[in-house]
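> The numbers in the working numbering rise by one with no breaks, and the one at position 273 of the sequence shown is 273.
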Amino acid sequence: MKLISGSSNLPLATKIAQYLNIETIDLEISKFANGEKRVWIKDDIAGENICLVQSFDQPVDENIVETLLLIDALERAGARHINFIIPWMGYSLQDKVFRDGEPIAARVIANIISNTYIKRVSLLDLHNSSIPGFFSIPTHHILALKPFTKYVQDNFNLSAAVIVSPDFGGLKRARTFADTLSLELENIDKHRDLYTGKVTPKGLSGDVKDKVCIIYDDVINTGGTVVETAKFLKEKGAREVHFLITHGLFAGDGLAKMNDESIDSVVITNSVHHENLPDKIKIVDVAPVLGESIRAWI
Ligand code: R5P
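#1: Are there any heavy atoms of the ligand R5P lying less than 6 Å away from the beta-carbon of G169, as far as the coordinates show?
#2: Would you say D260 touches the ligand R5P, meaning its beta carbon is less than 6 Å from a heavy atom?
#3: Beta-carbon separation of S5 and A13 under 7 Å?
#4: So, at 7 Å on beta carbons, what are the nonlocal neighbours of T332 in its own chain, with the 5 sequence-adjacent residues on each side left out?
#5: How many angstroms separate the CA atom of L181 from the CA atom of T149?
#6: For L194, does the count of other Cβ atoms within 10 angstroms reach 16, so buried, or fall short, so exposed?
#7: Suppose only complete runs of 3+ residues qualify. What are the beta strand (DSSP E) ranges in the region 74-143, listed by chain order?
#8: Here's the rule I'm using: 16 or more other beta-carbon atoms within 10 Å means buried, otherwise exposed. How should R38 be labelled?
#9: Look at the alpha carbon of S265 and the alpha carbon of D125, and state the distance between them as a whole number of angstroms.
#10: Compare the C-alpha of R120 against each of R99, A110, H247, S129 and name the closest.
#11: Is I268 a contact residue of the ligand R5P, with contact defined as CB to any heavy atom under 6 Å?
#12: Ignore the nearest five residues each way along the sequence and tell me which others in A77's own chain have a CB closer than 7 Å to its CB.
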């Protein structure tokens, strides 16, 4: 097997290749003068099994088109099978019709990918565990549970710690994490205005006074959930508030929001690439868990 990386997250793709001890494919990605993407696979890959790595983060639509061009080029160059690792699946938050007249965008993207030469897909910590069912090809839904569990064991004194789900949607995910660490679980009743996106925590299931709260979630998008959750828990008497969240998108002013003094630390994975993050934000490597998902096809 050889690995090919789209342009969204070359550092993660390189780590996956190193972890699996496989070669990376030489390619050139550029743009024509009119703005169209141009991809060129330079190595001979005929008959090879391929691992393609591409996150659908910003520029989202451009990265999706680039991926489709790469898949076509790989097929034409004689690739045998393509395993596609999507560390962050853009459009996955649009997993249902929130308001009449809207599409189910996650399904649209899954349909497009399913109708290419891709053989199977690995997805990481999806917002909704039903999304793999939107694909009509085999999928692996990988969890970042293992590296996050190790991070907590290595970095926190667990005697006063409690796991908190920031909303009902994340309760099952947070329950699994709390059980793995043998910690108590609390849940926030979060409200989001569908028109403005504004997040308002409305209630808490238990007591967090003097507790070290560890919030476990899937994605930081605009950062509204993180900052409002931290303020809310501090108002309820939490001693510290830390966030372990798989995908750090930091849309808009999301990164600046992380400076809020109510947030003690934010731990994300390298599913989305960022340069020069502030010290308050730590990175956990998911290359091993993603690499393991395709080891059987090397
Ligand atoms: C929501 O249900 C998700 O699990 C995240 O909490 C949410 O998408 C985060 O979005 P934002 O950072 O914009 O509040």
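Beta carbons are placed, not taken as given, at the ideal position from N, Cα and C, and that holds for glycine.
Result, derived from the coordinates:
#1: Indexing the sequence shown from 1 puts residue 169 at position 169. The answer is yes for G169.
#2: Residue numbering aside, residue 260 sits at position 260 when the sequence shown is read from its first letter. No, Cβ of D260 sits at least 6 Å from all heavy atoms of the ligand R5P.
#3: Counting from one through the sequence shown, the residue named residue 5 turns up at place 5. Counting from one through the sequence shown, the residue named residue 13 turns up at place 13. For S5 and A13, yes; Cβs fall inside 7 Å.
#4: Outside the shown range of the chain (1 to 298) lies residue 332, about which nothing can therefore be said.
#5: The residue you call residue 181 lines up with position 181 of the sequence shown. The residue you call residue 149 lines up with position 149 of the sequence shown. Each residue's Cα considered, the two are about 7 Å apart.
#6: Here residue 194 refers to the residue found at position 194 of the sequence shown. Exposed is the call here.
#7: 82-86, 118-124, 139-142
#8: As a working mapping, residue 38 is identified with position 38 in the sequence shown. By the neighbour-count rule (16 or more Cβ atoms within 10 Å), R38 is not buried but exposed.
#9: Here residue 265 refers to the residue found at position 265 when the sequence shown is read from its first residue. Here residue 125 refers to the residue found at position 125 when the sequence shown is read from its first residue. About 20 Å.
#10: In the sequence shown, counting from the first residue as 1, residue 120 sits at position 120. The shortest Cα separation from R120 among R99, A110, H247, S129 belongs to A110.
#11: For this step, residue 268 is matched to residue 268 along the sequence shown. I268 Cβ: outside cutoff for every heavy atom of the ligand R5P.
#12: Working through the sequence shown from its first residue, we reach residue 77 at position 77. Around A77: I41, I45, A46.
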